[in-house]
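Trainee: Take a look at this one; I'll ask things after.
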């Protein structure tokens with residue numbers, strides 16, 4: 402396997418090109434540890450996809466890096482400072498998060514929800530402005546939800562609601578964006594549209610994006626950097642062509658497969674082997 406394997410005892414905190422770093426971090430719930438002494442430096446200005454089997458720690462890692470879950474050990478650093486020691490509003494101006502299952506306030510309209518993305522930029526000396534109107538309008542337009550602006554969010558389909566939440570994250574206007582399974586509830590066409598939107602956002606604005614994805618082939622196509630997790634540890638990290646090998650897929654997912662070039666993008670394409678194909682080997 403040619404991908405970079407990560408020693409959890411090695412600190413990446415001195416990596417100069419990483420504004421967001423997990424340094425030997427351990428995370429969990431109650432008495433259960435999910436992520437144990439994991440170190441990860443997020444490449445600046447790149448799209449990173451975190452992949453792995455269910456319950457391997459992907460969402461837990463994202464929650465820790467977004468300041469929603471306090472580490473049991475180690476630390477998460479944002480611009481060289483422990484993220485849990487930074488003021489909440491300051492973090493929110495820098496880092497945006499779309500959680501896995503966001504809770505929609507009852508009776509809120511689409512435009513009102515998206516506008517909440519601007520709240521970290523407001524304060525005693527900063528009132529709502531044309532700049533905020535423009536940010537909301539752009540987020541609605543980018544996600545194809547402008548025509549839904551006056552509708553209540555709870556009237557929307559799951560896919561529409563997901564795009565509205567993405568719009569709120571975009572309206573926040575941060576240069577670091579974390580998304581936990583952003584393609585949930587979306588059909589294949591809308592998954593492609595959303596990932597193309599995130600890719601364009603990265604290209605046009607240099608936004609650093611970290612997203613948890615289940616679909617390996619979409620992760621390989623749209624990410625610059627892949628992180629493969631297994632049981633709370635980093636098995637491999639690097640370019641998609643280095644990480645998505647048959648050996649890594651078997652280790653991380655327990656899935657026998659063939660990895661071939663995608664005929665459209667040239668990125669790795671994981672083709673699972675059926676039971677008969679496995680037995681014939």
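In the working numbering, the protein residues as written are 402 to 682. Ideal placement from N, C-alpha and C gives every residue a C-beta, glycine not left out.
1) Using 10 angstroms around the beta-carbon of residue 648, count the other beta-carbons present and answer buried if the total reaches 16, otherwise exposed.
2) Give the secondary structure of residue 589 by DSSP, where H, G and I count as helix, E and B as strand, and everything else as coil.
3) Helix, strand or coil: which one does DSSP assign to residue 469?
4) Between which residues of its own chain and residue 444 is the CB-CB distance below 6 Å, once the five residues before and five after are set aside?
5) Taking 6 Å as the limit between beta carbons, can you name the residues of its chain near residue 552, skipping five residues before and five after?
6) Report the partner residues of residue 626 according to the DSSP bridge assignment.
7) Tell me whether residue 582 is buried or exposed, calling it buried when 16 or more other Cβ atoms sit within 10 Å of its Cβ.
8) Beta strand (DSSP E) containing residue 504: first to last residue?
9) Determine the DSSP secondary structure at residue 420, reduced to helix, strand or coil.
10) Between the C-alpha atoms of residue 424 and residue 460, what's the straight-line distance to the nearest angstrom?
11) Check residue 669 in the structure and name its three-state DSSP category.
12) For residue 362 versus residue 427, is the C-beta distance shorter than 8 Å?
13) When the Cα of residue 422 is compared with those of 566, 434, 535 and 438, which residue comes out closest?
Mentor: Looking at the coordinates:
1) Exposed, since its Cβ has fewer than 16 Cβ neighbours within 10 Å.
2) helix
3) coil
4) Excluding residues within five positions, the ones whose Cβ falls inside 6 Å are 626.
5) 511
6) 449
7) buried
8) That residue, residue 504, is in no beta strand (DSSP E); it is neither H nor E in DSSP.
9) coil
10) Roughly 17 Å between the two C-alpha positions.
11) DSSP places residue 669 in strand when its eight states are reduced to three.
12) Outside the modelled stretch of the chain, which goes from 402 to 682, sits residue 362, for which no answer is possible.
13) 438
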